[in-house]
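Enquirer: My questions all concern the structure below.
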Amino acid sequence: MEQADVLFSEHMENIQQQGGVFDEEGSHRPHAAALGDEFPEIRSFLARSDKNNPYDTNSDPRMAVKISMNIGATQVEIYADPAEPANLQEQRVMQIADAVSRVHDAGFKIPSPMQFYLPKYTRGIHLPSLKVDNSWNSLAEFYAPNRIMLSPELLRTFIPPNAPDSVALRLKNASAPIVHEIGHCLHFAQAPESYSDLFHTRLARQYERTAGEVSEYGARNPNEFVAETFTAVTFKGVITRDQWNLYQALGGPLSARQAPTPTIGRTLAQNSNLSVVEHRTAGAAARMQPAVGRLPDAAASAPSSWNRRNHEVERPHFRRK
Ligand SMILES: [Zn+2]
9 MEQADVLFSE HMENIQQQGG VFDEEGSHRP HAAALGDEFP EIRSFLARSD
59 KNNPYDTNSD PRMAVKISMN IGATQVEIYA DPAEPANLQE QRVMQIADAV
109 SRVHDAGFKI PSPMQFYLPK YTRGIHLPSL KVDNSWNSLA EFYAPNRIML
159 SPELLRTFIP PNAPDSVALR LKNASAPIVH EIGHCLHFAQ APESYSDLFH
209 TRLARQYERT AGEVSEYGAR NPNEFVAETF TAVTFKGVIT RDQWNLYQAL
259 GGPLSARQAP TPTIGRTLAQ NSNLSVVEHR TAGAAARMQP AVGRLPDAAA
309 SAPSSWNRRN HEVERPHFRR K
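Here the sequence shown is numbered in this note's numbering, starting from 9 and rising by one per residue.
Pasting the structure below:
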């Protein structure tokens with residue numbers, strides 16, 4: 009948690025220093041509005057209070073507006089930029105409310121309070137070149153024990169063709185990446201030791217294959233597999249018995265309807281070759297990264313391919329013997 013705290017401050021600082029939209033020609037660019045689907049931040053920029061200013065950045069985080077709401081037994085605290093246009097801020101708040109409600113409705117216990125941070129800009133966008141400085145390089149990120157930072161990029165309606173294949177991408181639902189991060193949060197809450205250990209762990213090949221069938225993103229490491237499976241389960245997707253067994257073994261969050269099985273984690277650890285492959289910070293692995301490199305199946309993964317597998321799989325809520 010100390011490490012997560014340091015990372016959070018570090019990321020917040022980078023976002024403060026580099027986030028914004030900078031019009032290097034200082035000219036009126038009416039066609040910039042057309043870029044709003046891919047760069048939602050440009051909508052904030054065009055609505056900035058001082059139109060003579062060729063750039064717009066985040067407000068001082070100490071001035072953040074706190075929006076509170078109760079969803080189930082969870083108090084949701086949202087910290088938003090007071091200078092963000094109201095309609096954009098509302099959309100972002102609705103995405104959070106939808107995500108938390110879905111997790112709640114799926115029967116999961118959510119830590120309270122749960123905090124969400126919504127910087128107006130999480131990257132630097134330069135006009136007219138559209139050169140992007142990635143000060144943070146994430147769409148959404150969880151910091152233990154209860155903080156989630158969200159990029160305004162989640163408002164985009166245009167998905168880049170090189171976006172990594174993930175459950176969220178397949179669902180084409182803007183709340184899904186938030187559900188994914190809540191998955192990390194609940195994983196940490198339910199099995200903090202397992203969650204921390206898994207940052208230094210890689211899936212053995214047979215399990216990597218099982219995880220890859222949830223999504224390519226899920227095959228990256230055990231924690232991403234858990235968060236991806238959690239997202240699929242929350243959205244009532246179907247997963248295979250192998251995926252469910254692996255999810256449980258790794259300490260994946262269980263809903264009130266699913267009895268915990270505390271011994272199963274030991275079984276996996278003893279039976280498989282979980283080796284330490286790399287040492288990196290918890291936050292570095294937990295972030296959901298935007299498009300990096302080319303992933304061949306990303307564009308082809310339509311929701312239909314998710315459904316097509318359904319006939320040979322079963323729901324996660326099956327009865328255990
Ligand atoms: Zn993740």
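Cβ coordinates follow ideal geometry from the N, Cα and C atoms, glycine included.
Can you grab the Cα-Cα spacing for the pair Ser52 / Ala12, in whole Å?
Expert: Approximately 29 Å between the Cα atoms of the pair.
Enquirer: Give the single residue among Val84, Asp45, Val187 and His195 whose Cα lies nearest to the Cα of Phe207.
Expert: Of the candidates Val84, Asp45, Val187 and His195, the one whose C-alpha sits nearest the C-alpha of Phe207 is His195.
Enquirer: Excluding the 5 residues flanking Ala91 on each side, which residues of the same chain have their C-beta closer than 6 Å to its C-beta?
Expert: Closer than 6 Å at the Cβ level, and outside the excluded window around Ala91, lie Ser67.
Enquirer: In terms of residues, what are the limits of the beta strand (DSSP E) holding Glu85?
Expert: Unbroken beta strand (DSSP E) run through Glu85: Thr82 to Ala88.
Enquirer: I believe Ser263 touches Ala114 by the beta-carbon criterion, under 8 Å. Please report the beta-carbon distance rounded to the nearest angstrom.
Expert: Yes, they are in contact, since the Cβ atoms of Ser263 and Ala114 sit about 6 Å apart, within 8 Å.
Enquirer: Of the residues Asp106, Met77 and Ala55, which one's Cα is nearest the Cα of Asn95?
Expert: When each option's Cα is compared against that of Asn95, the closest is Ala55.
Enquirer: Does the distance from the CB of Thr242 to the CB of Gly260 come in under 8 Å?
Expert: For Thr242 and Gly260, no; Cβs fall outside 8 Å.
Enquirer: Would you give the residue range spanned by the beta strand (DSSP E) that Gln99 belongs to?
Expert: First-last for Gln99: Ala94 to Asp113, but that is the alpha helix (DSSP H), not the beta strand (DSSP E).
Enquirer: Give me the Cα-Cα distance between Ala88 and Phe124, rounded to the nearest whole angstrom.
Expert: Approximately 9 Å, taken between the alpha carbons.
Enquirer: Can you find a heavy atom of ligand 1 that lies under 7 Å from the Cβ of His192?
Expert: Yes, since a heavy atom of ligand 1 falls inside the 7 Å radius drawn around the Cβ of His192.
Enquirer: What is the C-beta distance between Ala197 and Pro127, in whole angstroms, given that I count them as a contact (C-beta under 8 Å)?
Expert: Ala197 to Pro127, Cβ: 25 Å. No contact.
Enquirer: CB of Glu161 to nearest heavy atom of ligand 1: below 7 Å?
Expert: Because no heavy atom of ligand 1 lies under 7 Å away, the Cβ of Glu161 does not count as near it: no.
Enquirer: Start and end of the beta strand (DSSP E) containing Lys216?
Expert: According to the sequence shown, residue 216 is Glu rather than Lys. No beta strand (DSSP E) contains Glu216, which is instead part of the alpha helix (DSSP H) from Arg213 to Gly220.
Enquirer: My output table needs one value for Glu161: the three-state DSSP class, helix, strand or coil.
Expert: It is helical.
Enquirer: From what residue to what residue does the beta strand (DSSP E) around Ala353 run?
Expert: Residue 353 lies beyond the range of the chain shown here (9 to 329); nothing can be said about it.
Enquirer: Shorter than 7 Å, the distance from the beta carbon of Ala235 to the closest heavy atom of ligand 1, or not?
Expert: Yes - ligand 1 has a heavy atom lying nearer than 7 Å to the Cβ of Ala235.
Enquirer: Does DSSP put Glu232 in a helix, a strand or coil?
Expert: Note: Glu232 maps to helix in three-state DSSP.
Enquirer: List the whole-angstrom C-beta distance separating Tyr254 from Ala219, where the pair is believed to meet the contact cut-off of C-beta under 8 Å.
Expert: Here the sequence assigns Leu to residue 254, which means Tyr is not the residue at that position. About 7 Å; that satisfies the 8 Å criterion.
Enquirer: Within 7 Å: the Cβ of His188 and any heavy atom of ligand 1?
Expert: Yes; taking the cut-off as 7 Å, the Cβ of His188 has a heavy atom of ligand 1 nearer than that.
Enquirer: Rounded to whole angstroms, what is the Cα-Cα separation between Arg131 and Glu189?
Expert: The alpha-carbon atoms of Arg131 and Glu189 are separated by roughly 19 Å.
Enquirer: Over the uninterrupted beta strand (DSSP E) stretch that includes Phe30, give me the two end residues.
Expert: Phe30 -> beta strand (DSSP E) spans Gly28 to Asp31.
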